[in-house]
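Written out below as structure tokens is the structure these notes cover.
Number of protein chains: 2
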Amino acid sequence: MNELRKDPIVGRWVIIATERSRRPDSFVLPRMVTKEKAAICPLCRDNERMTPPEIWALRPDKSKPDTPGWKVRVVPNRFPVLGVDEELIRRGVGMFDMASGFGAHEVIIETPDHNKNLKDQSIEELGEVLKAFQYRIADLHKDKRLRYVLVFKNEGPEAGATLEHPHSQLIATPVTPKRVKEELVGSKNYFEAKERCVYCDILAQEIDSGERIVYENREYVSFCPFASRFPFEIWLLPKKHSPDFCCPTTRKNIPLLAEVLKVTMQKLARTLNNPSYNYLIHTAPNRAPRAGYWQTIEQDFHWHIEIMPYLVRLAGFEWGTGFYINPTAPEEAAKYLREARV
Amino acid sequence: MNELRKDPIVGRWVIIATERSRRPDSFVLPRMVTKEKAAICPLCRDNERMTPPEIWALRPDKSKPDTPGWKVRVVPNRFPVLGVDEELIRRGVGMFDMASGFGAHEVIIETPDHNKNLKDQSIEELGEVLKAFQYRIADLHKDKRLRYVLVFKNEGPEAGATLEHPHSQLIATPVTPKRVKEELVGSKNYFEAKERCVYCDILAQEIDSGERIVYENREYVSFCPFASRFPFEIWLLPKKHSPDFCCPTTRKNIPLLAEVLKVTMQKLARTLNNPSYNYLIHTAPNRAPRAGYWQTIEQDFHWHIEIMPYLVRLAGFEWGTGFYINPTAPEEAAKYLREARV
Numbered sequence: 003m004n005e006l007r008k009d010p011i012v013g014r015w016v017i018i019a020t021e022r023s024r025r026p027d028s029f030v031l032p033r034m035v036t037k038e039k040a041a042i043c044p045l046c047r048d049n050e051r052m053t054p055p056e057i058w059a060l061r062p063d064k065s066k067p068d069t070p071g072w073k074v075r076v077v078p079n080r081f082p083v084l085g086v087d088e089e090l091i092r093r094g095v096g097m098f099d100m101a102s103g104f105g106a107h108e109v110i111i112e113t114p115d116h117n118k119n120l121k122d123q124s125i126e127e128l129g130e131v132l133k134a135f136q137y138r139i140a141d142l143h144k145d146k147r148l149r150y151v152l153v154f155k156n157e158g159p160e161a162g163a164t165l166e167h168p169h170s171q172l173i174a175t176p177v178t179p180k181r182v183k184e185e186l187v188g189s190k191n192y193f194e195a196k197e198r199c200v201y202c203d204i205l206a207q208e209i210d211s212g213e214r215i216v217y218e219n220r221e222y223v224s225f226c227p228f229a230s231r232f233p234f235e236i237w238l239l240p241k242k243h244s245p246d247f248c249c250p251t252t253r254k255n256i257p258l259l260a261e262v263l264k265v266t267m268q269k270l271a272r273t274l275n276n277p278s279y280n281y282l283i284h285t286a287p288n289r290a291p292r293a294g295y296w297q298t299i300e301q302d303f304h305w306h307i308e309i310m311p312y313l314v315r316l317a318g319f320e321w322g323t324g325f326y327i328n329p330t331a332p333e334e335a336a337k338y339l340r341e342a343r344v
Numbered sequence: 003m004n005e006l007r008k009d010p011i012v013g014r015w016v017i018i019a020t021e022r023s024r025r026p027d028s029f030v031l032p033r034m035v036t037k038e039k040a041a042i043c044p045l046c047r048d049n050e051r052m053t054p055p056e057i058w059a060l061r062p063d064k065s066k067p068d069t070p071g072w073k074v075r076v077v078p079n080r081f082p083v084l085g086v087d088e089e090l091i092r093r094g095v096g097m098f099d100m101a102s103g104f105g106a107h108e109v110i111i112e113t114p115d116h117n118k119n120l121k122d123q124s125i126e127e128l129g130e131v132l133k134a135f136q137y138r139i140a141d142l143h144k145d146k147r148l149r150y151v152l153v154f155k156n157e158g159p160e161a162g163a164t165l166e167h168p169h170s171q172l173i174a175t176p177v178t179p180k181r182v183k184e185e186l187v188g189s190k191n192y193f194e195a196k197e198r199c200v201y202c203d204i205l206a207q208e209i210d211s212g213e214r215i216v217y218e219n220r221e222y223v224s225f226c227p228f229a230s231r232f233p234f235e236i237w238l239l240p241k242k243h244s245p246d247f248c249c250p251t252t253r254k255n256i257p258l259l260a261e262v263l264k265v266t267m268q269k270l271a272r273t274l275n276n277p278s279y280n281y282l283i284h285t286a287p288n289r290a291p292r293a294g295y296w297q298t299i300e301q302d303f304h305w306h307i308e309i310m311p312y313l314v315r316l317a318g319f320e321w322g323t324g325f326y327i328n329p330t331a332p333e334e335a336a337k338y339l340r341e342a343r344v
């Protein structure tokens, strides 16, 4: 059974995946991940039986589950790091804290077409992918034992993708992950000091100066953050305050969100010659039953997407300090991206 | 001029290295770093003129600076991310905080011999390297503008080493890096709750159970931490409480420290077939002039070395959450390491 374990000093949770435990001689150095060929791609149309039974699919033609006809399809990860069938057990081991491997790990197959990656999808198609994210997050949030749902995409072998077919993943956890908690605490502290959302303040300054803006429309904006950890790091936010990626306003504005995301990813691909990248959605945690908790987050948190192209290798200094060295100023990165013609 | 910039939400500092600014087409994907050949290795004996003038060297034969005869040699990094000649300027940019690129970036050349890496050095030789670390940290701490000195080693191309010759590095910063601050805060909170050092408590439990111990002698112990982020992650600590890597006790115990470090690294190399790795020393920050600050750290912090072999690739989930997936339980890793014959 997999386990969650907590570092007693800094409060970081780790998943110990003992179920797929690896012997020392099994570590093939991650120089290059072998891509599975399209002919046997388990995520392609007509290969639906190669995945576990689907959780949800967009099937405009009312076709049967696990058959062709879908446009977006969600299936459990074949090698889940957390499982929905586990019981949630929290216990201490002497001074240490742990929890059972309860949670969810799903794969969102973005298109039946093996070669149609994010930037090549139409705004309508990309919108359906974003709606699938919203649908799955909202569905998982019904289980109040799940504190957080993280949606992320690994594109390209350097970014950790093991399948070429366009897909994203989600992992739902019974604890709030550390980086998310830091953002929640940071934005709460800022709100307490200023009675304003820190992200709204950042947006106001960024839009005013314009020097780090990548692309914007009426509702959404992408920019390279002032303290970018990585060259060409990009954040994408709703211009109006909104803590929750799944709220009715975001649902209504999906075409506008898809447009900014598509154009931003096209600009990134053009500027850096199709780099590997990760993106992830940081939204509010599950509404906890604790009184007042959600109310605070509602006013001080602001959902966003973080896009991180994989261009530099991290080493001991970054790991040891959480202190990143970025060789490209965000102003310069944003200028290249703004000027990229797509 | 390079800059330090602070993320306004989570307080993370980033070095924007605009001095070696990189254009989009200059990012060679970090698939494999080309190793410089020994013939032109700037860190080898007889090539002393290829480095900037040395800062310090262990020269038992009283030879002149920047000539052969040394055993350990410290030089400025040829491409420093922070510079000692910069003025320390802190300023705001609207709501953002930044500082000038003041600091230090040095290379510790561990041996004149190109092929003698850490695990092949004698305990005496390794002890001289550790003493060089202590000497440089203590020297840099004389400048009270420098808040922290991080010593780290990148070994092997996957871990970010660009030179093959055995060497470590240090970076001294005018701000306390985020990961270090988290540990300081975490251990302070623990002390306030329990009036005991959290590391001392961890050590007591680890030594008592023994299941995660790798190697120990009278004064030092190495073990795989309970919530290991990475497979075969190892921490090395003094058994007796000690906040400061440079304190007189550590100086006196250098041979015992060198023994545990050498044996641990030999076991790691044997078990995993010479993996790339990073190690780093987390010691107390510079004694700040603020009243009571050092006194607190003295009782609640405990210096340690973190060793992280590079065996798995991190992807979006880890970046987005600070929540690591580790496929090898630390109990199992420790068992392999304990049983490795060296």
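Chains as they are written, first to last, in this note's numbering: chain A, 3 to 344; chain B, 3 to 344.
Note that beta-carbon positions come from the ideal geometry of N, C-alpha and C, so glycine has one too.
By DSSP, does residue i sit in helix, in strand, or in coil?
{"i": "residue 171 of chain B", "result": "strand"}
{"i": "residue 105 of chain B", "result": "coil"}
{"i": "residue 3 of chain B", "result": "coil"}
{"i": "residue 154 of chain B", "result": "strand"}
{"i": "residue 187 of chain B", "result": "helix"}
{"i": "residue 240 of chain A", "result": "strand"}
{"i": "residue 2 of chain A", "result": "The structure shown has nothing for residue 2 of chain A, since chain A only spans 3 to 344."}
{"i": "residue 135 of chain A", "result": "helix"}
{"i": "residue 267 of chain A", "result": "helix"}
{"i": "residue 310 of chain A", "result": "strand"}
{"i": "residue 335 of chain A", "result": "helix"}
{"i": "residue 70 of chain A", "result": "coil"}
{"i": "residue 33 of chain A", "result": "Residue confidence is low: residue 33 of chain A scores 40 on pLDDT, short of 50, so the model does not pin down where it sits. Its coordinate-derived value is still stated next. Coil at residue 33 of chain A, not helix or strand."}
{"i": "residue 45 of chain B", "result": "coil"}
{"i": "residue 209 of chain A", "result": "helix"}
{"i": "residue 51 of chain B", "result": "helix"}
{"i": "residue 259 of chain A", "result": "helix"}
{"i": "residue 78 of chain B", "result": "strand"}
{"i": "residue 87 of chain B", "result": "coil"}
{"i": "residue 56 of chain A", "result": "coil"}
{"i": "residue 141 of chain A", "result": "helix"}
Can you find the residues in the same chain that come closer than 7 Å, C-beta to C-beta, to residue i, ignoring five residues on each side of it along the sequence?
{"i": "residue 344 of chain B", "result": "265, 268, 269 and 272"}
{"i": "residue 208 of chain A", "result": "214, 215 and 225"}
{"i": "residue 133 of chain A", "result": "256"}
{"i": "residue 332 of chain A", "result": "214, 226, 227, 228 and 230"}
{"i": "residue 161 of chain B", "result": "278, 279, 280 and 312"}
For residue i, which residues of its own chain have a beta-carbon under 6 Å away from its beta-carbon, when the five flanking residues on both sides are left out?
{"i": "residue 234 of chain B", "result": "311 and 335"}
{"i": "residue 59 of chain B", "result": "72 and 75"}
{"i": "residue 342 of chain A", "result": "269, 272 and 273"}
{"i": "residue 286 of chain A", "result": "245, 246, 299 and 303"}
So with Cβ pairs under 8 Å, would you call residue i a contact of chain D?
{"i": "residue 108 of chain A", "result": "As a matter of chain content, chain D is missing from the structure shown, whose protein chains are A and B."}
Less than 8 Å between the CB atoms is what I'm expecting for residue i and residue j, so what's the real figure, rounded?
{"i": "residue 244 of chain B", "j": "residue 305 of chain B", "result": "6 Å"}
{"i": "residue 152 of chain A", "j": "residue 173 of chain A", "result": "5 Å"}
{"i": "residue 4 of chain B", "j": "residue 148 of chain B", "result": "Not a contact, Cβ separation roughly 15 Å."}
Verify whether the separation of the beta carbon atoms of residue i and residue j is less than 8 Å.
{"i": "residue 116 of chain A", "j": "residue 79 of chain A", "result": "no"}
{"i": "residue 10 of chain A", "j": "residue 100 of chain A", "result": "no"}
{"i": "residue 373 of chain B", "j": "residue 303 of chain B", "result": "Residue 373 of chain B cannot be examined here, being either before or after the span of chain B that is shown, 3 to 344."}
{"i": "residue 70 of chain B", "j": "residue 55 of chain B", "result": "no"}
{"i": "residue 184 of chain A", "j": "residue 86 of chain B", "result": "no"}
{"i": "residue 102 of chain B", "j": "residue 88 of chain B", "result": "yes"}
{"i": "residue 16 of chain A", "j": "residue 328 of chain B", "result": "yes"}
{"i": "residue 222 of chain A", "j": "residue 240 of chain A", "result": "yes"}
{"i": "residue 128 of chain A", "j": "residue 45 of chain A", "result": "no"}
{"i": "residue 178 of chain A", "j": "residue 217 of chain A", "result": "no"}
{"i": "residue 112 of chain A", "j": "residue 170 of chain A", "result": "yes"}
{"i": "residue 168 of chain B", "j": "residue 238 of chain B", "result": "no"}
{"i": "residue 77 of chain B", "j": "residue 109 of chain B", "result": "yes"}
{"i": "residue 175 of chain B", "j": "residue 105 of chain B", "result": "yes"}
{"i": "residue 354 of chain A", "j": "residue 308 of chain A", "result": "Nothing can be reported for residue 354 of chain A, as the shown portion of chain A is limited to 3 through 344."}
{"i": "residue 323 of chain B", "j": "residue 8 of chain A", "result": "no"}
Once you ignore the five residues that flank residue i on each side, which residues in its own chain have a CB closer than 8 Å to its CB?
{"i": "residue 189 of chain A", "result": "199, 200, 201, 302, 303 and 304"}
Using Cβ-Cβ distances below 8 Å, what residues of the segment 323–334 of chain B are close to chain A? 323, 324, 325, 326, 327, 328, 329, 330, 331, 332 and 334
At a CB distance below 7 Å, what residues from the segment 187–200 of chain A approach chain B? Give them in sequence order. Residues are counted here when their Cβ sits less than 7 Å from a Cβ of chain B; for the segment 187–200 of chain A these are 188, 189 and 200, given in chain order.
Please list the residues of the segment 141–170 of chain A that have a C-beta atom closer than 7 Å to any C-beta atom in chain B, keeping them in chain order. 152, 154, 155, 156, 160, 161 and 162
Give, in chain order, every residue of the segment 4–23 of chain B whose Cβ lies closer than 7 Å to some Cβ of chain A. 7, 8, 9, 10, 11, 12, 13, 14, 15, 16, 17, 18, 19, 20, 22 and 23
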